[in-house]
Structures are given as C-alpha cells and as structure tokens.
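With the working numbering, letter number 65 in the sequence shown gets 68, and the count goes up by one each step, no holes. Single-structure report; data block below.
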Amino acid sequence: KIAWANEISSVVQTFNAYPRVVFFALHSDPRIGPQYMVPGWAASGPCLPRDLETWASWGKSGLASEALLSHKYRMAIVTQRTLVSIQELKSPVVAVLGMTYNPNALDLTNSQGVMLVSALEAANIPFNVYDPLSAQLKFSFPVCSSIEETIRNANVVVITTPYLEFTSRDYGSRFVIDRTAGISSRVL
C-alpha cells in the first residue's frame, strides 16, 4: 500500500494537485481506509530492493524492474524534496534523528537518514545526528549522544526512523519533517 500511495502521490503532483486532498478522499472509502495508504519515504532496508532485484532477474513482464526503479526514484525524490524544504529556511541547522531503517534494526542499508546526511554534506548545511543505536553502528560522520544534544542548536528536525522517543516529542518552534507523516503541518 505504501508503494502504491507513493505512486498515486507522484501522479497527483504532476497535475499540480494536492496529494493530501486526494488521500483524504481515498481514506474515506471503507474498502481502502487509511492504514498504510499514506505517501512518504520509500521503504528502507535491505529486503525490498533485494527481493525486487531477484524478481526482476526472473521475470519477463518487467513489473518488478519497474517497481525497483520506482522505489529508487522515490528514495531520491523524497530526499531531494526534504533538502529543498530545508534550504528554503534561513540559516538551517538540521537535527537528523534516526539512521537505521527501522527502530532497533542494526542495519543502515538503504537508510533515508544516511541518504539525507549525504545530501546535507554536499549542500554544506550544518547538521547533527542521533540514533539510539549509535554506539553499535559505524558512521563516517560525528554522532551525538542524546536527542537534547542533537537538537540544541537546530532549527530543523528531520525524523528518519520512527522511534517513539522521536515521534512523541514536542520540538517547540522548530520546523519538523517526520518520515512517518511527510512534512508535518503541526509545526508549519
């Protein structure tokens, strides 16, 4: 459903329409409902891309190949849109919360957090990073030891892993981008 929601969102945006309005209508249909039918970041982690690559190598229809291309496109476009939103702010300092693709997953494969940090580095935008599993993972950039340290000087918070300690927190007047909800209207 998430991949399909992302496809619908992309098509809706090509017509300069608002995905939230379209999804409000879709969610009101009891046959569809809101469960997982929300556009957002592409699925991260090692499984989906590996499975799609395997299916693409076996199949003749091209459906798996197209799904894999769509998945890679969505990861890149959401990272780019996040970066553009950040660049629109005056002197952004970004707190990136979460590096793993899922809470408690000791794996950085296809991590949106890692992709975002790479984009921030390339754009020379200052950032701090925190993940509860930081001590058990290896990064090529400095990592903070707490949420408080990470957000202290930040005016932007990007939640890339849906840990409850990240998603249930009040970030005050900071601009918040939450991977589980897209760009959060609660703080705009």
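A virtual CB, placed ideally from N, CA and C, is assigned to each residue, including glycine.
- Taken in chain order, the unbroken stretches of beta strand (DSSP E) that lie wholly in the stretch 80-138 and span 3 residues or more are 97-100 and 130-133.
- Counting only runs that start and end inside the stretch 142-168, the alpha helix (DSSP H) elements of at least 4 residues fall at 150-154.
- Note: PHE178 is bridge-paired with VAL159 in the DSSP secondary-structure output.
- The three-state secondary structure of GLN16, taken from DSSP, is helix.
- For ARG155, the closest C-alpha among the options LYS141, LEU72, GLY175 and ARG182 is that of GLY175.
- When the Cα atoms are used, ARG84 and ASN19 turn out to be separated by approximately 15 Å.
- Here LEU140 carries a coil assignment [DSSP, helix/strand/coil].
- Secondary structure note for ARG23: its alpha helix (DSSP H) is the uninterrupted segment 22-31.
- Look at SER60 here: in three-state DSSP terms it is helix.
- Contact fails between the stretch 63-81 and the stretch 97-109, because fewer than three Cβ pairs, one in each stretch, are under 8 Å apart.
- Selection VAL161, ARG172, THR170 and LEU86 evaluated against ALA122 yields LEU86 as nearest (Cα-Cα).
- VAL146 sits close to TYR133, with the two beta carbons spaced by under 8 Å.
- Shown here, ASP173 sits in coil according to DSSP, grouped into three states, outside any helix or strand.
- Non-local beta-carbon contacts of VAL41 in its own chain, meaning distances under 6 Å to residues more than five positions away in sequence, involve ALA8 in chain order.
- Rounded to the nearest angstrom, the gap between the Cα atoms of GLU124 and GLN16 is 28 Å.
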